[in-house]
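Colleague: One structure, as structure tokens, below. Some questions next.
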Amino acid sequence: MSFLKQILGDMKNEVSGLIMYSCCCPSFSEIFGYTACRQLSQMFLAVLFFHSSEYVLVAAIHGRSSVNLSSLLISKAYVFAMMFALLEYVVEIALFPGLKEYWWVSNLGLVMVIIGEITRKLAIVTAGQAFTHLIKVNHEEQHNLITHGVYRFVRHPSYTGFLIWSVGTQIMLCNPISTIGFAIVVWRFFSQRIPYEEFFLRQFFGSEYVEYALKTPSGVPFVK
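Shown next, in the form of structure tokens:
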């Protein structure tokens, strides 16, 4: 938990400092005004809520000792990606401020963030004890095949939610480079993870999972 607080705290300080400086410095306010204050605030709140709520839910289900940075999808690569996204935003709003004024694009990203957040949290709550951040290679008693609720529509709704959420954060910032980058990197991660995870699921649940997989999409585009 202390590592999570440290990373989120660092991101908060950087974003908050940028927002305060942009809003309070008269010579900077023409570039970093209302648009930057709103979009960066939404970005920070989205990240803060995503990871804090993730921790609370999973800790409540499995206990605090079962949650760490790697299981919460917070890694050096993830932090680097978020920092790159912020750098892209600052550079683009300084050089191409009109790019950030497409509010219909930004609002679309905000809607995606909300949909992705809800989808992922529904997946966690619905699965309960069966939900784990780390892939299980051994079948445990509480690891049941979940096919109801949001799992009726996709096999991996938590991955679906994270993909929508992560790409949505960049659309919300009107970051074209990071939007493409996040979509490719997150999709690639899940396209490799899903076959590996489902290898064990087929071992655990046999024909029951095979039948479920045949009639239910994975939830990640172009991944069967």
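Be aware that the sequence shown starts at 123, since it is given in my numbering, and climbs by one per residue. Built from N, CA and C at the ideal position, the CB exists for glycine as well.
#1: Residues in the same chain with beta-carbon distance under 6 Å from F322, minus the five sequence neighbours each way, listed in chain order, please.
#2: Excluding the 5 residues preceding and the 5 following E262 in the sequence, name in chain order all residues of the same chain whose CB lies nearer than 7 Å to its CB.
#3: What's the call for R242, buried or exposed, on a 16-neighbour Cβ count within 10 Å?
#4: Determine the direct distance from the alpha carbon of Y211 to that of L217, and round the result to whole angstroms.
#5: Starting from E333, follow the alpha helix (DSSP H) in both directions and report where the run begins and ends.
#6: Return no unless some Cβ of chain B is closer than 8 Å to the Cβ of L195.
#7: Can you name, in chain order, every residue of its own chain whose Cβ lies under 6 Å from the Cβ of S149, other than the five neighbours on each side?
#8: If you draw a straight line from the C-alpha of A207 to the C-alpha of Q264, how long is it?
#9: For G328, count neighbouring Cβ atoms within 10 angstroms of its own Cβ and tell me buried if that reaches 16, exposed if not.
#10: How far does the alpha helix (DSSP H) with L162 in it extend, from its first residue to its last?
#11: Does the contact criterion of 3 or more C-beta pairs under 8 Å hold for the segment 171-180 versus the segment 242-251?
#12: Look at the alpha carbon of P339 and the alpha carbon of F171, and state the distance between them as a whole number of angstroms.
#13: How would you label I302, buried or exposed, when you count the other beta carbons within 10 angstroms and need 16 or more for buried?
#14: Starting from F206 and walking both ways along the alpha helix (DSSP H), at which residues does that stretch end?
#15: State the Cα-Cα distance for the pair E320 and H278, rounded to the nearest angstrom.
#16: Return helix, strand or coil for P148, following the three-state DSSP convention.
#17: Between the Cα of S188 and the Cα atoms of Q251, W226, Y200, M205, which residue gives the shortest distance?
#18: For the candidate residues F202, G220, S197, G341, whose alpha-carbon lies nearest to that of G155?
#19: Have a look at S144 and L162 and give me their C-alpha separation to the nearest angstrom.
#20: N297: buried (16+ other C-beta within 10 angstroms of its C-beta) or exposed?
#21: Name the two residues that bound the continuous alpha helix (DSSP H) containing R242.
Modeller: On the basis of the data shown:
#1: What you label residue 322 is simply residue 200 of the sequence shown in a count that begins at 1. Within the same chain, F322 has close Cβ partners V259.
#2: Start at 1 with the first residue of the sequence shown, and residue 262 comes out as number 140. Nothing listed; no residue qualifies.
#3: Position 120 of the sequence shown holds residue 242. Classification of R242: buried, given that the 10 Å Cβ count is 16 or more.
#4: Taking the first residue of the sequence shown as position 1, residue 217 is located at position 95. Taking the first residue of the sequence shown as position 1, residue 211 is located at position 89. In this model, L217 and Y211 are separated by some 10 Å (Cα to Cα).
#5: In the sequence shown, the residue the question calls residue 333 occupies position 211. Taken as a continuous stretch (DSSP letters only), the alpha helix (DSSP H) holding E333 covers 329-337.
#6: Of the protein chains in the structure, only one exists, and it is not chain B.
#7: Walking along the sequence shown from the start, residue 149 turns up at place 27. Note that S149 scores a pLDDT of 47, beneath 50, so its modelled location is shaky; the value from the coordinates is reported in the next line. Hits under 6 Å: none found.
#8: Numbered from 1 along the sequence shown, position 85 holds the residue referred to as residue 207. Numbered from 1 along the sequence shown, position 142 holds the residue referred to as residue 264. Looking at the two C-alpha atoms, the distance is approximately 39 Å.
#9: Locating residue 328 in the sequence shown gives position 206, counting from the first residue. Classification for G328: exposed.
#10: By 1-based counting over the sequence shown, the position of residue 162 is 40. Per DSSP, L162 belongs to the alpha helix (DSSP H) from 156-184.
#11: The segment 171-180 and the segment 242-251 touch, with no fewer than 3 CB-CB distances between them shorter than 8 Å.
#12: One-based indexing of the sequence shown puts residue 339 at position 217. One-based indexing of the sequence shown puts residue 171 at position 49. Taking the straight line joining both Cα atoms gives about 28 Å.
#13: For this step, residue 302 is matched to residue 180 along the sequence shown. Exposed, since its Cβ has fewer than 16 Cβ neighbours within 10 Å.
#14: Here residue 206 corresponds to residue number 84 of the sequence shown, with the count starting at 1. 198-217 is the extent of the alpha helix (DSSP H) around F206.
#15: Along the sequence shown, read from residue 1 onward, the residue named residue 320 stands at position 198. Along the sequence shown, read from residue 1 onward, the residue named residue 278 stands at position 156. Using only the alpha carbons, I get a separation of about 10 Å.
#16: One-based indexing of the sequence shown puts residue 148 at position 26. With a pLDDT of 45 at P148, under the threshold of 50, the modelled position of that residue is not reliable, and the figure given next carries that caveat. The answer is coil: DSSP assigns P148 none of H, G, I, E or B.
#17: Residue 188 sits at position 66 when you count from the first residue of the sequence shown. When only C-alpha atoms are compared, the closest one is Q251.
#18: Mapped onto the sequence shown, residue 155 falls at position 33. Selected option, being the one with the closest Cα: G220.
#19: Along the sequence shown, read from residue 1 onward, the residue named residue 144 stands at position 22. Along the sequence shown, read from residue 1 onward, the residue named residue 162 stands at position 40. Any reading at S144 needs caution, since the residue's pLDDT is 49, under 50, leaving its predicted position unreliable; the model's value is listed next. If I take the Cα positions, the gap works out to 11 Å.
#20: Position 175 of the sequence shown, counted from the first residue, corresponds to residue 297. N297 comes out buried.
#21: Within the sequence shown, numbered from 1, the residue matching residue 242 stands at position 120. R242: member of the alpha helix (DSSP H) spanning 225-249, first to last residue.
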